[in-house]
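Engineer: Start counting the sequence shown at 74; every next residue gets the next number (my numbering).
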Amino acid sequence: SDDPSDPEYILAVKRASLNWAIERAYNLFFTSMDELIQKHPVDSLDDDGQPFWSGTRRPPKPLRFIPLDSEDDEVSAQQVIINERIAEFVSAATRLRMESFLSVSGEDAPSLISLDEALAALQVHATELAKQRKSKQILHNLSGGGDSDTASVILDKLNGAKTGASFLPRLNLADFEKDDESNGHVAFVTAASNLRALSYGIAPADSMETRRVAGRIVPAMITTTGLVSALSCLELVKLLKGVPLNVHRNAFVNLALPFFAFTAPLPAEEVS
74 SDDPSDPEYI LAVKRASLNW AIERAYNLFF TSMDELIQKH PVDSLDDDGQ
124 PFWSGTRRPP KPLRFIPLDS EDDEVSAQQV IINERIAEFV SAATRLRMES
174 FLSVSGEDAP SLISLDEALA ALQVHATELA KQRKSKQILH NLSGGGDSDT
224 ASVILDKLNG AKTGASFLPR LNLADFEKDD ESNGHVAFVT AASNLRALSY
274 GIAPADSMET RRVAGRIVPA MITTTGLVSA LSCLELVKLL KGVPLNVHRN
324 AFVNLALPFF AFTAPLPAEE VS
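1. Looking only at DSSP bridge pairs, what is Thr-336 linked to?
2. Out of Glu-308, Arg-168 and Asp-279, state which residue places its alpha-carbon closest to the alpha-carbon of Ser-90.
3. So which of Phe-174, Arg-97 and Phe-102 has the shortest CA-CA distance to Leu-84?
4. How about the segment 319-326 and the segment 294-308: do they share at least three Cβ pairs that are nearer than 8 Å?
5. Quick check on Glu-147: buried or exposed, where buried means 16 or more other Cβ atoms within 10 Å of its Cβ?
6. Quick one: what does DSSP say Leu-118 is sitting in, helix, strand or coil?
7. Should Met-106 go down as buried or exposed, given a rule of 16 or more other Cβ atoms within 10 Å for buried?
8. With respect to the alpha helix (DSSP H) encompassing Ser-140, which residues constitute its N-terminal and C-terminal limits?
9. Hey, would you say Ile-155 sits closer than 8 Å to Pro-135, going by beta carbons?
10. Among Ser-187, Gly-274 and Glu-161, which one has its Cα closest to the Cα of Ala-98?
11. Enumerate in chain order the residues of its own chain whose CB-to-CB distance from Lys-311 is below 8 Å, with the five nearest sequence positions on each side excluded.
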């Protein structure tokens, strides 16, 4: 059933949203950062022979959830903090994901995911990942260390996308609102930014700091985007009218100063 009021439908959306949020956390804060470290190891050099990770560059620490009773990995006090931060992200992300499918609100809304629920789901996911890693290692050894069938992997992904495309309910739009404590928007941004801060060794921020920064970024982003779009449209109108090149303008803008400068573009270099 796809009735938003059906308890079974709500439960299905909750499970799917939880899995989605866990996958996002794993891909954003472990897989992508692990790939970056694999590409540029901590002791690697750049093209000039200088340490790649120097100056303003910091090597990230890939973050993943490790169960407290793990037999394969040691769980330190730092890892307990990482687990809690990941659970906060999963809780906030699951809620926003669910509310894009369900029109629910209020303190008793089914989209509210507790940290205990997030931790329990992460525990299951981590256990499944461990089983998959062991199975892949066994298959890798049995196959003599050969690569997996790339075509089969791609087909599996395409079939999964095809199945997902058959379920396309009408989604609910959400406007970011930093001053509403009950909508979970600031909670999600805070959880995501704190995980990234933890990965790069930066001090975390609380919800008040997130709200303060968002209050500056959102208006600035909208204003800058509006200005750049307007300037681009003006140049497009000139292009459609076929005016000479010296009528067009390059624009250099800094709204914070404020600074506005316009110059005529140079003709393109001709290559014979």
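For each residue, glycine too, the CB sits at the ideal point set by N, CA and C.
Structural biologist: According to the structure shown:
1. Asn-323
2. Arg-168
3. Phe-174
4. yes
5. exposed
6. strand
7. buried
8. It is worth fixing the name first, because residue 140 is Pro in this sequence and not Ser. From DSSP, Pro-140 is part of no alpha helix (DSSP H); its letter is neither H nor E.
9. no
10. Glu-161
11. Val-320 and His-321
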